[in-house]
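Since the structure comes first, as structure tokens, the remarks are kept for the end.
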Amino acid sequence: MADKTAQQAHYRKIASTGLISRLVPGVRSDVYLGDDHLLHAKQIMLFEKYRRFYFSDIEAISFSKSNRWIWFSVVWGFLLFCSLFWYLGHGTWFYVVGAIFSFVFGGLLISNLIGGPTYVVNIQTAAQIRRLRPVEREKQLVRFQEIVVPMIMLAQQPTVNQAAV
Amino acid sequence: MARTVAAPRPEPRTETEAGCFFHTGSRAENVCNVCGRFLCSLCTLAFGSQKLCPDCIYKKRRESPLFRDQAILFDNIALLLVIVPVLCFLYIYLGLLFSGFALALVIVGWRQQRTLVPRSKYRFVLAAGLSLIEAIGWVALVWLIVWLIQSHPTEFGL
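From first to last, the protein sequence lines stand for chains A and B. Heads up: take any position in the first sequence, counting from 1, add 897, and you land on this note's numbering. Heads up: take any position in the second sequence, counting from 1, add 18, and you land on this note's numbering.
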């Protein structure tokens, strides 16, 4: 049960890892937007760990293109190709099994291609540099920046008193 | 998240200046937003715009969700207790025990699970349903084994 104060008052999900992460233990993570901070929630089977990044503390959000998109496309494409060998067998069950594998690997390939290029995204504060896996697809990264960067800049604006000094 | 990088060295205080609650020889530079204690630069822990002392952070970890850094997922534990025994031979010996534990965890965890972010309860419902099915299945399995032994004792060497 979510703590009602935190759930209703504060957090809006802005990014999450893909469908496969829900099947593999320890890989799923999400990014939530709070009033004055980002919450990175990572599920590790029996626990959920949280890391907060206050807007006033964030020094940089860096990202660099990665080849993960290409490698996974090659892997799913190869497995799809291997699935087609089932059709060389003679029998209904060979075709059924081949169809299942083709559907699964074909679907993974298509979803990977639709997801778009991947990046390695890091968020940096004075104390740490953390990788944000939920925003490593291009579309997610762009959306994340559109939401978060203005809030960070607003939180780090110098106050009137500071500016006067 | 609190800063863990090295804080500035606390300045020694003079006789006329206020001192830190934890380091009486250091000059107080901040006030804890919760308890009001004077804090030197070493003892000041910043949480966003708030400045807190170590004692308040320790107490707040249990009370306030803003200071919580992890949550136990009782629903996942219950599902694990239901699924793992079936996948291995433990189910034959301890199936009823595991399903009982899972059901107890569902009842306890329904209210006790405190996640900061929204989480659906369907895992609890699924674990409860599976544990009931598992318990009934285990009882039926044991009854079947006993019936087989009783109806064909010679085949079992009795």
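We put the CB at the ideal spot given by N, CA and C, even for glycine. As the structure is a prediction and not an experimental result, all values here were calculated from the model.
| Asked | Found |
| --- | --- |
| Beta-carbon separation (whole angstroms), residue 135 of chain B vs residue 984 of chain A, contact threshold 8 Å | Not confirmed; about 45 Å, so no contact. |
| Within chain B, the residues that residue 945 of chain A reaches when beta carbons sit closer than 7 Å | 88, 89, 91 and 133 |
| Between the CA atoms of residue 1009 of chain A and residue 1016 of chain A - distance to the nearest angstrom | 13 Å |
| Per-residue contacts from residue 95 of chain B into chain A (C-beta, under 8 Å) | 943 |
| Beta-ladder partner(s) of residue 978 of chain A, from DSSP | Partner(s): none; residue 978 of chain A has no beta bridge. |
| Runs of alpha helix (DSSP H) wholly within the segment 914-993 of chain A (minimum 4 residues, chain order) | 965-980 |
| Cβ of residue 912 of chain A within 7 Å of any chain B Cβ | no |
| As assigned by DSSP and simplified to three states, the class of residue 175 of chain B | coil |
| CB contact below 7 Å: residue 957 of chain A versus chain B | no |
| Reduced DSSP category for residue 63 of chain B - H, G, I as helix; E, B as strand; rest coil | strand |
| Exposed unless 16 or more other CB atoms sit within 10 angstroms - verdict on residue 51 of chain B | exposed |
| Residue 1045 of chain A classed as buried or exposed, judged by whether at least 16 other C-beta atoms fall within 10 angstroms | buried |
| Residue 139 of chain B versus residue 122 of chain B - alpha carbon distance | 15 Å |
| Cβ of residue 996 of chain A within 7 Å of any chain D Cβ | The chain inventory of the structure shown lacks chain D, comprising the protein chains A and B. |
| Nearest-angstrom beta carbon gap, residue 53 of chain B and residue 71 of chain B [assumed within contact, 8 Å] | 6 Å |
| CB of residue 947 of chain A within 7 Å of CB of residue 935 of chain A, strictly | no |
| Counterpart residues of residue 144 of chain B in DSSP-defined beta bridges | None; residue 144 of chain B has no bridge partner. |
| Alpha-carbon to alpha-carbon, residue 994 of chain A and residue 987 of chain A | 12 Å |
| Segment limits, beta strand (DSSP E) that includes residue 89 of chain B | 88-90 |
| Member of A:961, A:943 and A:1003 whose CA lies at the smallest distance from the CA of residue 99 of chain B | A:943 |
| 7 Å Cβ cutoff met for residue 127 of chain B and residue 152 of chain B | no |
| Chain-ordered chain A contacts of residue 117 of chain B [CB-CB under 9 Å] | In chain order: nothing, as chain A lies at least about 18 Å away. |
| Backbone CA spacing between residue 36 of chain B and residue 62 of chain B [nearest angstrom] | 15 Å |
| Three-pair Cβ contact test at 8 Å for the segment 1019-1029 of chain A versus the segment 998-1005 of chain A | no |
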